[in-house]
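J.: Residue numbers (mature numbering (1 follows the signal peptide of the UniProt record, and there is no 0)): -29 to -1, 1 to 693. C-beta: ideal position from N, C-alpha, C; glycine also.
1. Taking contact to mean 3 or more Cβ pairs, one atom from each stretch, closer than 8 Å, check whether the region 155 to 168 and the region 197 to 209 are in contact.
2. Quick one: give me the first and last residue of the beta strand (DSSP E) that residue 421 is part of.
3. On the three-state DSSP scale, how would you describe residue 547?
4. With a threshold of 6 Å on Cβ separation, who are the neighbours of residue 176 within its own chain once the five nearest residues in sequence on each side are excluded?
5. Could you say which of 496, 625, 560 and 632 lies nearest to residue 547 if we only look at CA atoms?
6. Quick one: what does DSSP say residue 127 is sitting in, helix, strand or coil?
7. Residues bridged to residue 168 by DSSP?
8. Just mark residue 7 as buried or exposed, buried being the case when its beta carbon has 16 or more other beta carbons within 10 Å.
9. State buried or exposed for residue 38, treating a residue as buried only when at least 16 other CB atoms are found within 10 Å of its CB.
10. How is the alpha helix (DSSP H) around residue 24 delimited, first residue to last?
11. Helix, strand or coil: which one does DSSP assign to residue 434?
12. So, under 8 Å CB-CB, residue 403 and residue 392 are touching, yes? Tell me the CB distance rounded to an integer number of Å.
13. In its own chain, which residues sit with a C-beta less than 8 Å from the C-beta of residue 259, not counting the 5 before and 5 after it?
14. Could you work out which residue in 556, 85, 289 and 551 is closest to residue 179 when comparing CA atoms only?
15. Excluding the 5 residues preceding and the 5 following residue 634 in the sequence, name in chain order all residues of the same chain whose CB lies nearer than 6 Å to its CB.
16. Throw me the rounded Cβ distance for the residue 589 and residue 562 pair, which I believe falls under 8 Å.
17. Once the 5 residues before and after residue 137 are set aside, which same chain residues still bring their CB inside 6 Å of it?
18. In this structure, how does DSSP classify residue 50 when only helix, strand and coil are distinguished?
19. Give me whichever residues DSSP pairs with residue 288 in a beta bridge.
20. Short check: CB of residue 15 to CB of residue 71, under 8 Å?
21. Is the Cβ-Cβ distance between residue 580 and residue 314 less than 8 Å?
22. Could you work out which residue in 211, 385 and 339 is closest to residue 699 when comparing CA atoms only?
23. Can you say whether residue 45 is buried or exposed, counting buried as having 16 or more other CB atoms within 10 angstroms of its CB?
24. Measure from the alpha carbon of residue 695 to the alpha carbon of each residue in 221, 194, 502 and 195, then state which is nearest.
25. Tell me where the beta strand (DSSP E) around residue 537 begins and ends.
26. Residues in the same chain with beta-carbon distance under 8 Å from residue 267, minus the five sequence neighbours each way, listed in chain order, please.
27. Does the ligand MG have even one heavy atom less than 7 Å from the beta-carbon of residue 249?
28. Classify residue 465 as helix, strand or coil using the three-state DSSP reduction.
29. Excluding the five sequence neighbours on either side, which residues of its own chain have a C-beta within less than 6 Å of the C-beta of residue 642, listed in chain order?
30. Give the single residue among 371, 99 and 451 whose Cα lies nearest to the Cα of residue 335.
31. How about residue 394 and residue 348: do their beta carbons lie closer than 8 Å?
32. Quick check on the DSSP output: what are the complete beta strand (DSSP E) runs of length 3 or more inside the region 295 to 367, in order along the chain?
33. If I measure Cβ to Cβ from residue -3 and keep anything under 7 Å in the same chain, skipping five residues before and after, which residues do I get?
34. Let me make sure I understand the geometry here. Which of 74, 487, 595 and 434 has the alpha-carbon closest to that of residue 420?
35. Within a Cβ cutoff of 6 Å, which residues of the same chain sit near residue 478, ignoring the five residues on either side of it in sequence?
36. What number of angstroms, rounded off, separates the C-alpha of residue 58 from the C-alpha of residue 87?
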């Protein structure tokens, strides 16, 4: 190939590369920040970097790098021609998109990370809503499509009907931030104050380009008042009942949260076992429920056969939210007395002959479904074992109740001892085996600080209770070793152990250690386990652990906004600042709020425009405002919380804080002080206008005196005139 032809071929190849590079550039939205990373660090697969030959910044134009600014075809051509050895280093290591990113960075070497905000949808349209009532909440999503954190300065509402809308929840918060590639939501509710079209604008101010993003809000207020039905519970579970025995009445409150009277057209029983239920209460088809009022519906169940039963109560009405239904369930069972013991065996281990008696307790529980009639409780088999004082078991024991039988061991001679605790009742006989031994040698005397079962507070599923600490003491004259420390029983996995006591740990005489137990339920309902501790001397302790797992009702979701608040500065005894917290039911089932527990100098404020007095029910999509006041009693930082309690044991906690300062000292009236004003002023800051006036007057007097002297020097005296 001649030189001319080679030159022509090279030009054609370069032209093709330029066309290809232009096509790549137009097909890819170049990312200069990614290009910066590739330039400084090299390809993702490893190897040399562009900075090694062209310097840390393309702005220096080392080796003419700026020729590639925003021109990926130039970079591709340089790789293809192996200019400066670049082909050997980079051919096949950068994608077309990455080459375009490199070109973008070379064209903008000072590029920095920046956020980019996108708020969608562009508008939220609420359905027609009766004046004074709340529509279901709608959400807008704020996304950060940029490369740096998006900071939210404020979230606000504006427009002619902005008072009809409120920000009621979501994950976006003023003062918060959204990471690059992440998003958050803003939840808005609509409560029209008057009829007709109601428009407003939601504005989120931020640090991205444009400074803010907006969503148009629209809704219509309906003037016609309507009734709205609400239930304190949507289901009733009667639990286990004896066949042919009526249950205790279960009550459901029916409320009218609308603006017109609620008329019940029919109250009907349905379901597979509707015949076993009986209705009562004040709710009636003949008695409308006034706006804001309520009535009660009671239900009794009398199962006629063993097994599960179910039914429902349907309330047909003129409510805007349709008919309401209450699910009914339970189970029937024949009478079956039963008794259980904990522990099922007693092991006293070695005890000193002639020493003081050692006591262990046996807890009897009525595990049947009828009252337990106790005929006798006795010990047999060894004279050194007896029932001690403090026996709390009487002639009868109610269902699920328990009582305690203390058993004492006082060995009279050396050797092993075996006995039996026998309980006779209308249930099958219960036997508890008892073992121990007498010795003349020094022995350890283990003792637990808890003599009865440990009951934990109701705990929500997935959460942990506060730890309960049990102390193991050695009251004897010899050391003991912990041979076994474990959990057993039906729900051992719902409890955990900690503390300073450990297997193979040794306790000297008079020493002690602790066992910390924690309840973390994995299922709803009663949960139980046994803490079992055995020493090397044969002594065995069984401590019952129990608690109730609580599940949040399916579909119920309360949103509290804000979830924490700092009231800032306040004066002790001064005006107490308040804050309104929006409570919104963002789920699909009604939420009943039963109470609010406060810690610290914070309390609920009765407010006609806020939430109703607890307990009250929030329907899906409904919201109200909890008004909280900060009233510090002493100066300094304040902290506390409000725990909002819901049905089923659910709870929501809001952290509260504030800074209190002491009230200014009160003194009696004071007389004006002369501070630089020549006795004419009480001003203390040095800017008294009287001072300037005094200076001018002084200058005037001095001038007059000088003029008088001058005149006197030129006029003849009386004596000379004579």
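T.: Reading from the atomic positions:
1. No, the region 155 to 168 does not touch the region 197 to 209.
2. If you number the chain shown from 1, residue 421 lands on position 450. Unbroken run through residue 421: none, as it is neither H nor E.
3. Your numbering for residue 547 matches position 576 in the chain shown. Here residue 547 sits in coil by DSSP.
4. Counting from 1 along the chain shown, the entry for residue 176 is found at position 205. By the criterion of a C-beta distance shorter than 6 Å, residue 176 is surrounded in its chain by 124, 125 and 183, once the five residues flanking it on both sides are discounted.
5. Taking the chain shown and counting its residues from 1, the one referred to as residue 547 is at position 576. The residue with the shortest Cα to Cα distance from residue 547 is 632.
6. Counting from 1 along the chain shown, the entry for residue 127 is found at position 156. Residue 127: strand per DSSP, three-state reduction.
7. Taking the chain shown and counting its residues from 1, the one referred to as residue 168 is at position 197. Residue 168 is bridged to 191.
8. By one-based count along the chain shown, residue 7 stands at place 36. When all chains shown are included, residue 7 counts as buried.
9. By 1-based counting over the chain shown, the position of residue 38 is 67. Residue 38 is exposed by the Cβ-count criterion.
10. The sequence position of residue 24 within the chain shown is 53, counting from 1. Where residue 24 is concerned, the enclosing alpha helix (DSSP H) stretches over 22 to 25.
11. Counting from one through the chain shown, the residue named residue 434 turns up at place 463. Correct three-state label for residue 434: coil.
12. As a first step, residue 403 must be located in the chain shown, where it is residue number 432. As a first step, residue 392 must be located in the chain shown, where it is residue number 421. Between residue 392 and residue 403 the Cβ distance is about 4 Å, and since that is below 8 Å, they are a contact.
13. Taking the first residue of the chain shown as 1, we reach residue 259 at position 288. Answer for residue 259: 232, 233, 234 and 235, listed in chain order.
14. Locating residue 179 in the chain shown gives position 208, counting from the first residue. For the residues 556, 85, 289 and 551, the minimum Cα distance to residue 179 belongs to 85.
15. In the chain shown, counting from the first residue as 1, residue 634 sits at position 663. Taken in chain order, the residues that qualify are 542, 543 and 544.
16. Here the question's residue 589 lines up with position 618 in the chain shown. Here the question's residue 562 lines up with position 591 in the chain shown. Between residue 562 and residue 589 the Cβ distance is about 5 Å, and since that is below 8 Å, they are a contact.
17. Looking up residue 137 in the chain shown gives position 166. For residue 137, where only same-chain residues beyond five positions count, the Cβ hits under 6 Å are 160.
18. Along the chain shown, read from residue 1 onward, the residue named residue 50 stands at position 79. Three-state result, residue 50: helix.
19. For the purposes of this step, residue 288 is taken as the residue at position 317 of the chain shown. The partner list for residue 288 (beta bridge, DSSP) reads 235.
20. Stepping through the chain shown from its first residue, residue 15 is reached at position 44. Stepping through the chain shown from its first residue, residue 71 is reached at position 100. Cβ atoms of residue 15 and residue 71: not closer than 8 Å.
21. Within the chain shown, the letter at position 609 stands for residue 580. Within the chain shown, the letter at position 343 stands for residue 314. With contacts defined as CB atoms closer than 8 Å, residue 580 and residue 314 fail to qualify as a contacting pair.
22. Absent from the model: residue 699. The displayed extent of the chain is -29 to 693, so no value can be given.
23. If you number the chain shown from 1, residue 45 lands on position 74. Of the other Cβ atoms in all chains shown, 16 or more fall within 10 Å of the Cβ of residue 45; this residue is therefore buried.
24. Summary: the structure shown does not reach residue 695, with the chain confined to residues -29 through 693, and so no result is reported for it.
25. Your numbering for residue 537 matches position 566 in the chain shown. Element bounds for residue 537: 535 to 542.
26. Taking the chain shown and counting its residues from 1, the one referred to as residue 267 is at position 296. So the qualifying residues of the chain are 222, 223, 224, 225, 252, 253 and 254.
27. The ligand MG is not part of the structure shown, which contains no ligands of any sort.
28. On the chain shown, position 494 is the one that residue 465 refers to. Of the three classes helix, strand and coil, the one that applies to residue 465 here is helix, per DSSP.
29. Here residue 642 refers to the residue found at position 671 when the chain shown is read from its first residue. Any reading at residue 642 must be qualified, since the residue scores a pLDDT of 47, below 50, and its modelled position is unreliable; no value is offered.
30. Counting from 1 along the chain shown, the entry for residue 335 is found at position 364. Ranking the options by Cα distance to residue 335, first place goes to 371.
31. Numbered from 1 along the chain shown, position 423 holds the residue referred to as residue 394. Numbered from 1 along the chain shown, position 377 holds the residue referred to as residue 348. Yes, the Cβ-Cβ distance between residue 394 and residue 348 is below 8 Å.
32. 295 to 304, 310 to 313, 316 to 323, 329 to 337, 343 to 351 and 356 to 358
33. In the chain shown, residue -3 corresponds to position 27, counting from 1. Because residue -3 carries a pLDDT of 48, less than 50, the predicted location of this residue cannot be relied on, and no value is offered for it.
34. Counting from 1 along the chain shown, the entry for residue 420 is found at position 449. Of the listed residues, the one whose Cα sits closest to residue 420 is 487.
35. The count along the chain shown starts at 1 and reaches residue 478 at position 507. Cβ within range, chain order: 445 and 451.
36. The residue labelled residue 58 in the question sits at position 87 within the chain shown. The residue labelled residue 87 in the question sits at position 116 within the chain shown. Rounded to whole angstroms, the gap between the alpha carbons of residue 58 and residue 87 is 36 Å.
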